[in-house]
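Report on the following structure.
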Amino acid sequence: MKTISQNPQTNMLMPINTGLSKERQHHKLLNGLLFLAMIFAVYITTLQPAMAHGEKNLEPYVRMRTIQWYDVQWSKQKFNVNEEVTVTGKFHVAEDWPISVPKPDASFLNISTPGPVMIRTERYLNGKPFMNSVALQPGGDYDFKVVLKGRLPGKYHIHPFFNLRDAGQVMGPGAWLDIGGDAADFTNNIQTINGEIVNMETYGLGNGIFWHSFWALLATAWLLWWVRRPLFIARYRMLKAGMEDELITPLDKHIAKAILVGVPVLVFAFYTMTVNQYPKAIPLQTSLDQILPLSAKVNAGVIEVETLRAEYRIPERAMTVSLSIKNGSDNPIQLGEFATGSVRFLNKAIPAPVENNTESVIAAGGLSLDNPSPIQPGEQRTLLVTAGDALWESEKLDGVINDADSRIGGLVFFYDSEGERYVSSISAAVIPKFD
Ligand SMILES: [Cu+2]
1 MKTISQNPQT NMLMPINTGL SKERQHHKLL NGLLFLAMIF AVYITTLQPA
51 MAHGEKNLEP YVRMRTIQWY DVQWSKQKFN VNEEVTVTGK FHVAEDWPIS
101 VPKPDASFLN ISTPGPVMIR TERYLNGKPF MNSVALQPGG DYDFKVVLKG
151 RLPGKYHIHP FFNLRDAGQV MGPGAWLDIG GDAADFTNNI QTINGEIVNM
201 ETYGLGNGIF WHSFWALLAT AWLLWWVRRP LFIARYRMLK AGMEDELITP
251 LDKHIAKAIL VGVPVLVFAF YTMTVNQYPK AIPLQTSLDQ ILPLSAKVNA
301 GVIEVETLRA EYRIPERAMT VSLSIKNGSD NPIQLGEFAT GSVRFLNKAI
351 PAPVENNTES VIAAGGLSLD NPSPIQPGEQ RTLLVTAGDA LWESEKLDGV
401 INDADSRIGG LVFFYDSEGE RYVSSISAAV IPKFD
């Protein structure tokens, strides 16, 4: 450096320097523009109503082969603040649970909402009320019911969904709910076991704010007490220089001792006060609810379905599944629907009742069979079923062919001549066809 600055031709460096600073200015401008673009993107995305909110993000094999929802139904889609609405439905827990997804030993049935727009007042699984997570059994069928109460007016896309421990969320079909009325009218009063009526909207709020602020202030103060001192490198150098005595003062030690004794004493004192004030209390529950699947349904073993082969033709966006079906019932049966990952492919030759008001994605004529004649009692038939629709792509289910676990799963619905429905879960490895 010295040789350069002493060089008589120092001037020569000038143009280069200006060149560099120009480049830097250019960089600054570019960064600024990028930043503006980012702000703009955030602005645009927040302005637009959220039409989708991650329903399609989960890998297709997780959506198709874990919780298989069906018959999801809302009691109403338009209601007011304080009014109750019920969502009911069923789900099958796939037998062919993906190897990379932890088993559903702890799962929580939840409702996805954009913020606290409703409150949940009741929840049932197979008719039993439950509060906690539940262990689900692969192969089992369950029936659920959740009662909610309108809290904030607006139009929201709401889904029932399962939180699976260590796996993520498996969304059920969504529905638009319209909550009318005034947010100020919302009431959420409950009666405690002591007979006292409390308003859940404000109960304990002051206490919560006080304790959070108290501990945050204490912790911040203690942190700042040390941070204002020389930190890591300076500290290390003082240590090396044998000045460790100056790093911790007698006052530091006194304060540390006061905190060490004071905090546990404080916690114990306030704990005792609380226990005396509320002698009848139930601890927060963390147990796992044990609810068995619905007892083997009447149709178990009546209709035997085995998946022989599945092929996905990419240009046609069609999944062709070869099923070996044995009709053990007393009536002729016909295949009316194939449902997977909240997409329903219907056989329009069969007036299968579309008995739900969730806008689960439906391909009305998406299901076709190589032999549409009813399967007679006692007959065993190999049926070639094609579920074809652009929904494979728009619902991002076709990504299954790029997964390391290229297997599909879903439910097939048979209807007999008496209107009886039989549900079977199928699964198979998928072979992609590129042309
Ligand atoms: Cu949604």
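Just so you know, we're using my numbering here: the sequence shown kicks off at 1 and counts up by one.
Here a beta-carbon is modelled for each residue, glycine too, at the ideal position from N, C-alpha and C.
- In this structure V321 is in contact with A310, their Cβ atoms being roughly 5 Å apart against a cut-off of 8 Å.
- For I259, the enclosing alpha helix (DSSP H) covers residues 250–277.
- Judged by their CB atoms, R165 and A94 are not nearer to each other than the 8 Å cut-off.
- The beta-carbon distance between T66 and V170, rounded to whole angstroms, is 5 Å. This is short enough to meet the 8 Å contact definition.
- Secondary structure at E95: coil, using DSSP grouped into helix, strand and coil.
- Sequence-distant Cβ neighbours of S112 in its own chain, meaning closer than 6 Å and more than five residues away, are H159, F161.
- The three-state reading of DSSP puts Y61 in helix, counting H, G and I together.
- Assignment of M319 by DSSP, reduced to helix, strand and coil, places it in the strand class.
- Residue environment: Q277 is assigned as exposed (fewer than 16 neighbouring CB atoms within 10 Å of its CB, all protein chains considered).
- For G262, the shortest separation between its Cβ and any heavy atom of ligand 1 does not lie below 7 Å.
- Within the region 122–205, the complete beta strand (DSSP E) segments at least 3 residues long are 141–150, 154–164, 168–171, 175–180, 189–191, 197–199, listed from N- to C-terminus.
- At a threshold of 7 Å, E395 does not count as near ligand 1, since its beta carbon sits no closer than that to any of the ligand's heavy atoms.
- Taking a contact to require three or more Cβ pairs closer than 8 Å, the region 270–290 and the region 108–123 do not qualify as touching.
- Secondary structure of M243 (DSSP, three-state): coil.
- Residues E304, Q380 of the same chain have their beta carbon placed closer than 6 Å to that of K326, with the five preceding and five following residues left out of the count.
- Less than 8 Å divides the Cβ of V412 from the Cβ of L335.
- Straight across, the Cα-Cα distance linking G172 with G150 is about 20 Å.
- Judged by the Cβ position, E337 fails to qualify as a neighbour of ligand 1 at the 7 Å threshold, every heavy atom of the ligand being at least this far.
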